[in-house]
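K.L.:
If you're matching positions, the sequence shown starts at 1221 in the working numbering and goes up one per residue. Even glycine gets a Cβ: it sits at the ideal position worked out from N, Cα and C. Supplied in structure tokens, the structure appears directly below.
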Amino acid sequence: MFRYFPTATTLSLALALFLAYSSLSLSAEPVKAKKVLYIGIDGCRFDAIQKAEAPAIDALIEKGAYTGHCLILGDRYRKNDTISGPGWSTILTGVWADKHGVHNNTFKGSQYDKFPCLFDLVKKKLPTARCVSHVTWEPIDKFIITAADEKKSYEQKPHTIADYVKYDTEATDASVKELKEQNPDIVFLYIGQVDVTGHTHGFHPTVPQYIEAIERADGHVAAAVAAMKSRPTFDQEDWLVVVTSDHGGKGTNHSSGHEVPEILNSFLIVSGSDVAPGEIAEQCYLVDGAATVIHHLTPLDPAWQLDGTPRGKTKQ
Ligand SMILES: [Zn+2]
1221 MFRYFPTATT LSLALALFLA YSSLSLSAEP VKAKKVLYIG IDGCRFDAIQ
1271 KAEAPAIDAL IEKGAYTGHC LILGDRYRKN DTISGPGWST ILTGVWADKH
1321 GVHNNTFKGS QYDKFPCLFD LVKKKLPTAR CVSHVTWEPI DKFIITAADE
1371 KKSYEQKPHT IADYVKYDTE ATDASVKELK EQNPDIVFLY IGQVDVTGHT
1421 HGFHPTVPQY IEAIERADGH VAAAVAAMKS RPTFDQEDWL VVVTSDHGGK
1471 GTNHSSGHEV PEILNSFLIV SGSDVAPGEI AEQCYLVDGA ATVIHHLTPL
1521 DPAWQLDGTP RGKTKQ
């Protein structure tokens, strides 16, 4: 009897260990809720961000994947103007202008019924996803954004820089409130004052007013990111932050910039827990932002005919 007692104990221990290990395996790494904060800064040059004191954007760059060479026109199709209508259509649909149909700021010829806003695409796969947009350029709200659970343009008249500072603050405050009080899956925040300042004083790193506008925009990015991180459920969530712009600028303009590098080069910043930090080696394009956002939430469907490629993520 004495001989068998240790054996029985060993068996019990082994069984206990096995059960403990099994339950550990079952409870390990619960799947985190995937969510995206997508921020657009109109007419923002990457070389000016680098010149500016922009700690919030710098932190996203430092911990994320980024490129300052994100071309706003593709190889296949380049007939649209290098302005906001086509730019934001591309950023929010993930296709070039031959597909979304927007060539200028009249929005005539738009084909959003065939190539809709990414909210629409995400909801085809995840019908309960909460998608929210707060912008300060009304055409985005009026023409591009569909399938939103909440959306609003804070643009009003007049359009001085000081006015736009106010509108951008309102859009940011609304996004902060959304992030703190609701359970969004995608928050799109658009900031307009950098473009307005470029048109007034010049799009260039040496223009103090342009730099100051970027620094204020960085404050809005900081507020949105802080609200995201303050969520009580943040630890159970997997947030991707994507920041981009629709075009650069030269002098006080950016129209007809098809051969102008300062206008053609935007930037793309992708920051999240499964993003490999560092400069993205591949050539990136303006269509990639939407593909990156969607891909974080649900696999891309070939039927959507997206032109963009997800960037920065190491797994999905
Ligand atoms: Zn623009």
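From residue 1430 to residue 1491, what does the alpha carbon distance come to, in whole angstroms?
P.N.:
Between residue 1430 and residue 1491, the C-alpha separation is close to 25 Å.
K.L.:
Reducing DSSP to helix, strand and coil, say where residue 1387 ends up.
P.N.:
Residue state, collapsed to three classes: helix.
K.L.:
Decide if residue 1296 is buried, meaning its Cβ has at least 16 other Cβ atoms within 10 Å, or exposed.
P.N.:
When all chains shown are included, residue 1296 counts as exposed.
K.L.:
Which term fits residue 1530, buried or exposed, when burial requires 16 or more other beta carbons within 10 angstroms of its beta carbon?
P.N.:
Counting Cβ neighbours within 10 Å, residue 1530 comes out buried, since at least 16 surround it.
K.L.:
Are there 16 or more other CB atoms within 10 angstroms of the CB of residue 1300, so buried, or fewer, so exposed?
P.N.:
Its Cβ being crowded by 16 or more others within 10 Å, residue 1300 is buried.
K.L.:
Who pairs with residue 1458 in a beta bridge, going by DSSP?
P.N.:
Paired residues: 1254.
K.L.:
Hey, could you find the ends of the beta strand (DSSP E) residue 1407 is sitting in?
P.N.:
Note, residue 1407: beta strand (DSSP E), 1406-1411.
K.L.:
Going straight from the alpha carbon of residue 1493 to that of residue 1323, what length do you get?
P.N.:
Going by the C-alpha atoms only, they are around 36 Å apart.
K.L.:
Kindly list the residues whose CB is nearer than 6 Å to the CB of residue 1368, restricted to its own chain and excluding five residues on each side of it in sequence; keep chain order.
P.N.:
Only 1339, 1351, 1353 meet the Cβ criterion.
K.L.:
So, are the CB atoms of residue 1312 and residue 1510 less than 8 Å apart?
P.N.:
Contact: yes.
K.L.:
According to DSSP, which residues form a beta bridge with residue 1473?
P.N.:
Answer is 1470.
K.L.:
Report the option in 1279, 1337, 1380, 1415 whose CA atom is closest to the CA atom of residue 1314.
P.N.:
Checking every option, the nearest Cα to that of residue 1314 belongs to 1337.
K.L.:
Three-state secondary structure (DSSP) at residue 1243?
P.N.:
Confidence at residue 1243 is low in this model, with a pLDDT of 49, below 50, so the placement of that residue should be treated as unreliable; the coordinate-derived value is given next. Three-state result, residue 1243: helix.
K.L.:
Within 7 Å: the Cβ of residue 1304 and any heavy atom of ligand 1?
P.N.:
Residue 1304 Cβ: within cutoff of ligand 1.
K.L.:
Taking the continuous beta strand (DSSP E) assigned at residue 1289, which residues delimit it?
P.N.:
1285-1291 is the extent of the beta strand (DSSP E) around residue 1289.
K.L.:
Please report the residue range of the alpha helix (DSSP H) in which residue 1312 lies.
P.N.:
Run containing residue 1312: 1304-1313, per the alpha helix (DSSP H) assignment.
K.L.:
Ligand 1 and residue 1323: does the residue's C-beta get closer than 7 Å to at least one heavy atom of that ligand?
P.N.:
Residue 1323 Cβ: outside cutoff for every heavy atom of ligand 1.
K.L.:
For residue 1274 and residue 1268, what's the separation of their Cα atoms in angstroms?
P.N.:
C-alpha separation (whole angstroms): 10 Å.
K.L.:
Go ahead and pull the three-state DSSP assignment for residue 1259.
P.N.:
Here residue 1259 sits in strand by DSSP.
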